[in-house]
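Some notes on the structure that comes next.
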Amino acid sequence: MTTHDSRSLFAVCIDQAGCDDLSAGMLYRVLPDEAAGSEGFLRVIDDSGEDYLYPASRFVIVQVQPSDEPKLLAVAPASPG
Amino acid sequence: MDFELIGELSEIETIAVNLSIREKTDLKARYGGRRWRKLKGVGLIRLPSGNTRRAELHWYEAHGIGRRKLKIKRFLD
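Quick note, the sequences are listed as chains A and B, same order.
What the first sequence shows, in numbering that gives the first Met the number 0, is residues 0 to 80, in sequence order.
What the second sequence shows, in numbering that gives the first Met the number 0, is residues 0 to 76, in sequence order.
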């Protein structure tokens, strides 16, 4: 994964096979994790509400207008742990 | 699953016994069982790339059901 600035990242799940805490077509918040990125994984706040590592191939990164980020963050809360 | 656990887990700890209503309902509906707990441990995993990494893993367990929803929390090495 490339390095991103302080802007928030979002991704849509395109492959939930075998994952009970992902839903295809749903938007997820992505948190920075360089170690995960170097292995082709993303740190995603999944349906459990916590952040875990999933292969980046299960997602498409979504570009969001800066003005829209606060609206998405309001409905995509940070992981509790 | 997106990885293969190689060998046994170590440093196993229970991190939650009082799961949220949502978690309990989901686990019972999917797998049955009672008294679900959330645990964490450390294990060696093989990734789809073929690389092996030491990782902190989280999962749920209930008596007689075994490990479910084994997920990678972070790479440790």
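The C-beta atom is built at its ideal place from N, Cα and C for all residues, glycine as well.
Proximity of residue i and residue j at Cβ, strictly below 8 Å
i, j, result
"Leu4 (chain B)", "Ile64 (chain B)", "no"
"Arg42 (chain A)", "Cys12 (chain A)", "no"
"Glu60 (chain B)", "Leu38 (chain B)", "yes"
"Asp50 (chain A)", "Asp20 (chain A)", "no"
"Glu33 (chain A)", "Arg52 (chain B)", "no"
Three-state class that DSSP yields for residue i in the structure shown
i, result
"Asp72 (chain A)", "In the sequence on display, residue 72 (chain A) carries Leu and not Asp. Leu72 (chain A) falls in the helix class under three-state DSSP."
"Ala55 (chain A)", "helix"
"Asp67 (chain A)", "helix"
"Ala28 (chain B)", "helix"
"Ser9 (chain B)", "strand"
"Gly24 (chain A)", "coil"
"Gly36 (chain A)", "helix"
"Arg67 (chain B)", "strand"
Assigned exposure category for residue i - 16 Cβ within 10 Å defines buried
i, result
"Lys70 (chain B)", "buried"
"His3 (chain A)", "Note on His3 (chain A): pLDDT 48, under 50, position unreliable in the model; the coordinate value appears next. The residue is exposed, with fewer than 16 neighbouring Cβ atoms inside 10 Å."
"Gly49 (chain B)", "exposed"
"Leu56 (chain B)", "buried"
"Asp25 (chain B)", "buried"
Any chain B beta carbon closer than 8 Å to residue i
i, result
"Pro31 (chain A)", "no"
"Pro54 (chain A)", "yes"
"Glu68 (chain A)", "no"
"Ala35 (chain A)", "yes"
"Asp19 (chain A)", "yes"
"Tyr27 (chain A)", "no"
Cutoff 8 Å: residue i Cβ touching any chain A Cβ
i, result
"Leu70 (chain B)", "Just to set this straight, residue 70 (chain B) is Lys in the shown sequence, not Leu. With 8 Å as the cut-off, Lys70 (chain B) counts as an interface residue toward chain A."
"Val16 (chain B)", "no"
key: Contact between the segment 4–14 of chain B and the segment 22–41 of chain B (3+ Cβ pairs under 8 Å)   = yes
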